[in-house]
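These protein sequences, in sequence, are chains A and B. Going letter by letter, the first sequence gives residues 1 to 111 in our numbering. Going letter by letter, the second sequence gives residues 112 to 997 in our numbering. Just so you know, even glycine gets a beta-carbon here, dropped at the ideal spot from N, CA and C. What follows is one structure encoded as structure tokens, with my remarks underneath.
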Amino acid sequence: MGRSEKKLLHGTLDTLVLKTLSHGERHGYAIARWIEQETDEAILVEEGSLYPALYRLEKKDLLQSRWGVSELDRRAKFYALTDRGRQALDESTAEWLRFSDAVRSILAPGS
Amino acid sequence: MDDRVVKPSVDREVEEEFDHHVEMMVRDLVDNGWDEDEARAEAGRRVGNVERWKADTRAEGRRRDGDANRRLWWDELRQDLRYGVRQIRRAPTFAAVVILTLGIAIGANTAVFSVVDAVLLQPLPVTEPDRLSMIWTRYLPISGFDIEKFALSGPEALDIADETRTLEAMALFTTGTLTFTGDGAAPERVNVGFASATYSETMGVPPAQGRWFDASEDIADGPEVVVLSHGLWMNRFGGDPETIGQVVLMNGTSTEVIGIMPVGFDLPSDARAWQPLRITRESQGGRGGHGIAAVGRLAPGMSQDDLDAELAVFRDRWAAEYEHNVGHYAWSQGLYDEIVAGAPERLRLLVAAVALVLLVACANVANLLLTRAERRRTEVAVRRTLGAGRSRITRQLATESMVLAALSAVLGTGLAWAGLEALIRIDPTALPRLDEVRLDGTVMGFVVGVTGVTTLLFGIVPAYIAGKRASGTLASAESRSSGGRRRTSLRRLLVGSEVAVSLVVVVLAALVVRSFGALVGTDPRMDPSDVLTFALSLPSATYPEREDLVGGYEEVLDALGSLPGVESVAATTNLPFTGTGQWDFQLDDRPPRQEGEVAWNAGISHISGDYFATLGIPILEGRTFGSEDREDGPLVVIVSESMARRYWPGESVIGRRMGYEMAEDSVPWMTVVGLVPDPVTGSLDREPYPHVYVPHAQGGISTYFLPSTMQIALRTTVEPESVVPSVRSRIADFDADLPLYAVSTMTDVMAASYAGPRVTTNLLGAFGVIALVLAAVGIYGVISYSVAGRTREIGVRVALGAERREITRLVLGEGIRPVAVGVAVGLALAWFATRLVEAMLYQVEPTDPATFVTVPLLLMAVGFAASLLPARRATRIAPTEALREE
């Protein structure tokens, strides 16, 4: 499976990032790794999408960041959810579940 | 450690974040058994087009930071606003003084601006008004008259209209008032513009419905047609679309409605209907019969100067051809200047004065803010110590000023609105186009602009100074004595300038008020009290013959004279305080006037009834007209004092003979039977001019025509207004189709003659008072503050045995000094500023000594009074209290 085929549905990456951070603060690389591991690498996160998304979420005041020291003993930027981010995560999770239920009821009725 | 706290730039942030990402990837690969170099190469491959990713991220980062800055800015503004409002609520007196001061100044400026806007800036209801010019005539003294601006005669107007090349269209017109009936509703007097067929085209305003009259209707005995204004159509016909083609009665003559003009078109002079002018070269009066106004539309590419050059050619040709045109020629004036003629000068003065008031208000408020900033030095220093930046403090103080300014603007707008309502209610005709004044978008824009400038003047500078000063430490702020001298001198400078500017405003106001006093105090040469006046017009359709007309008025006067409360009644063609025409006459005791000799002319009134007694005009010599002075009696005339002085100085006038040249070498001579004072014609400041009175019954015999419209005057023994209902019913009994109009008391007629100057005077007077009060507040504020700041020094002086008187003198001296300097500078400024009012002054010199002595003394007195209170407070300072202060 090529990377391009695993491109995320628009807007889904934001939700996954928020979900990842609901378990605590992480730096960018850790966020990408966590998503890949949790999905058994079904979803690969591109750096070219991840970092703009992180900055965009910061702009929307859904994330906040601070500079800290990573496991490499290097300066790294750590992201955490804001209150608004947590709220947004709840909303988009509910939205996503409604959507996937709807899709499933068409593709696999009765399952 | 430090750079972990400091936020890096977006560029570095992105760089560092990607580096870290790649390093983490390499580490994971190495952990999975990759060789270090291979791992690095693999990571590079996986990351792909890293520069593009970085660029995308940087862009997002910049957007993020921009947002954050904006958010921060808004947060701070909100904070500042909250803080500002809290500060204002903490010092309500201070805030009230500031808001009141600025509010009044902004209100006055707004009111004046909205008048300027309506009178000068709003477009006229015509197409391309800048291409329209009025054409007038001028009489140089050699002609016997000295008149700057006079109407054209028919032949003069037609000469120009027939041959002009600089005008693409030209129209002639006069105005009149006719009785409008025939549509079933009550008779009504309407202003009518009598205009040529080219008028609508010249103005560039076609009728909204129907058509304008054409050349075939603009000829003698042409069909009777009328074009209605939109307002008249709405009022009388309720906007009925079937109005065109209907027949109405204009002064009793059946007239067909052929058109309706668009909304707002009311030229000339509030016209409500238009009819053909029907002028010919043979029309009455010939070349000397002046009474025609002319308006022309400049052809493309032509200018006012081109028109004047063309008129100069006519001038030379006329002067060569006609004796009448020696020293008498046509000139032009842009329509725009025309409509607002007379107003700009008064408006300019008001604008200048009110702007000065605003300046004084700004100086005052700046002073108050400076004083307050002094009191708040500790607070500012604390905030500075707690980490507020200098610019942040400046911004915060500026925001506070803006809150004050905004509240002032709200108050000012309210005041302006109320003031304008009052002005329009009191006197809608005080200024041309005053009824068009309103607070619209333009005016609101002006309020915002003026408030902004004001804030800049009074708020930003003190805020900047305070912010700059905030660089000091808390410790130095606690000590009161440091650095006060420069700030005190800044405040003194402000007080001085304030006094200087106030003095200019007060001098201008005083001159105009004195001039108005002189105007109103001028002897009216009659007794206006207890006289009711109104106009009446007997239409030629109902009163066709001269005996009908003369008899009709006699019957009206008889009927009114027997009303209870009425002492005597009279009729005249023109009441005192209104304008009058002047006719050239001949004298039989000397040869006809030679060329170049000063013309013999006088104003003329046709009168009937007991005119002189009714208007309280004394008979100085001879007799008044009686029942024997009828059509078949000897022709008689009563002349005024100037007439006697000019033509028969030192001799009796009784028995002299004068007359009008009705036809070639035919002068019906009138014998002078009485002498009366000169009437006031137009306004009280006019020089008295020769005037003659002829009996109405002999009108058209000894004079050119028999007037059909008369002003009726009743002298009452009761309140003049109280007889109006009985007068109305008596007139209705006489003829139900006669409208009574222009009902007024003589006192009001007189007051109306100076309505314009009165408004200017009242406004300027108000501005003068405001400027004085502001100056007083300003001086008081500075001296109070200065005393408060010197409590310790004064306390020590008292402790050392200084007398109360010495302390008082010390404080007063300090208060008076900047005032004295301001007065001196203000006097110099006022000397030049009086040029603004020179042309408007009546019997008062622009350098009127009384004004130039009184006003400075007044301001000194104000300064003295304003310093007295703080001075007395200073003498009560106890030494012990003074020492505790520090």
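Burial state of residue i, where buried means 16 or more other Cβ atoms lie within 10 Å
i	result
residue 773/B	exposed
residue 23/A	exposed
residue 244/B	buried
residue 160/B	exposed
residue 306/B	buried
residue 184/B	exposed
residue 512/B	buried
residue 228/B	buried
residue 260/B	exposed
residue 99/A	exposed
residue 421/B	buried
Proximal residues to residue i (C-beta, below 7 Å), its chain only, five neighbours per side dropped
i	result
residue 1013/B	An answer regarding residue 1013/B cannot be provided, because it is not within the stretch 112 to 997 covered by chain B.
residue 402/B	262, 285
residue 114/B	Here the model assigns residue 114/B a pLDDT of 38, short of 50, so the residue's position is not dependable, and the following value carries that caveat. Around residue 114/B: no qualifying Cβ.
residue 1000/B	What is shown of chain B runs 112 to 997, which leaves residue 1000/B out entirely.
residue 1031/B	Absent from the structure is residue 1031/B, since the part of chain B shown begins at 112 and ends at 997.
residue 872/B	623, 624, 627
residue 670/B	841, 845
residue 147/B	141
residue 388/B	283, 284, 285, 305, 306, 307, 329
Contacts around residue i, its chain only, beta-carbon distance under 6 Å, and the 5 residues preceding and following it disregarded
i	result
residue 179/B	none
residue 279/B	408, 410
residue 258/B	250
Per-residue DSSP class, three states only, for residue i
i	result
residue 23/A	coil
residue 447/B	helix
residue 185/B	helix
residue 431/B	helix
residue 269/B	helix
residue 793/B	coil
residue 197/B	helix
residue 733/B	strand
residue 474/B	helix
residue 678/B	strand
residue 122/B	helix
residue 896/B	helix
residue 143/B	coil
Residue nearest to residue i in terms of C-alpha spacing, selected from the options
i	options	result
residue 975/B	951/B, 958/B, 716/B, 920/B	920/B
residue 13/A	42/A, 37/A, 29/A, 49/A	49/A
residue 915/B	304/B, 832/B, 982/B	982/B
residue 359/B	611/B, 551/B, 296/B	296/B
residue 928/B	365/B, 778/B, 693/B, 970/B	970/B
residue 668/B	680/B, 795/B, 657/B, 661/B	680/B
residue 423/B	187/B, 271/B, 217/B	271/B
residue 564/B	129/B, 432/B, 318/B, 216/B	216/B
residue 998/B	127/B, 795/B, 885/B	Any property of residue 998/B remains undetermined from this structure, which presents chain B solely from 112 to 997.
residue 793/B	863/B, 475/B, 480/B, 481/B	863/B
residue 628/B	954/B, 220/B, 147/B, 334/B	954/B
residue 506/B	986/B, 188/B, 962/B, 699/B	188/B
residue 315/B	162/B, 140/B, 332/B, 242/B	242/B
residue 67/A	151/B, 123/B, 164/B, 482/B	123/B
residue 973/B	148/B, 201/B, 896/B, 883/B	883/B
residue 720/B	824/B, 639/B, 674/B	824/B
residue 343/B	447/B, 336/B, 327/B, 385/B	385/B
residue 429/B	637/B, 398/B, 800/B, 827/B	398/B
Worksheet entry | Inter-stretch contact at 8 Å, needing at least 3 Cβ pairs: the region 605-625 of chain B / the region 867-887 of chain B | yes
Practice prompt. State whether the region 431-451 of chain B contacts the region 249-261 of chain B, with contact taken as three or more CB pairs (one from each stretch) at a distance under 8 Å.
Written response: yes
Practice prompt. Examine the Cβ distances between the region 641-650 of chain B and the region 487-500 of chain B and report whether three or more of them are shorter than 8 Å.
Written response: no
Discussion item. Would you call the region 525-532 of chain B in contact with the region 205-213 of chain B, where contact means no fewer than 3 C-beta pairs closer than 8 Å?
Written reply: no
Worksheet item: Would you call the region 62-74 of chain A and the region 161-177 of chain B in contact, with 3 or more CB pairs under 8 Å?
Response: no
Worksheet item: For the 8 Å Cβ check, are there 3 or more pairs between the region 141-161 of chain B and the region 195-204 of chain B?
Response: no
Worksheet item: Counting Cβ pairs, one atom from each stretch, are 3 or more of them under 8 Å apart for the region 788-804 of chain B and the region 750-757 of chain B?
Response: yes
Worksheet item: How about the region 821-841 of chain B and the region 691-701 of chain B: do they share at least three Cβ pairs that are nearer than 8 Å?
Response: no
Worksheet item: Are three or more beta carbon pairs between the region 681-697 of chain B and the region 711-718 of chain B nearer than 8 Å?
Response: yes
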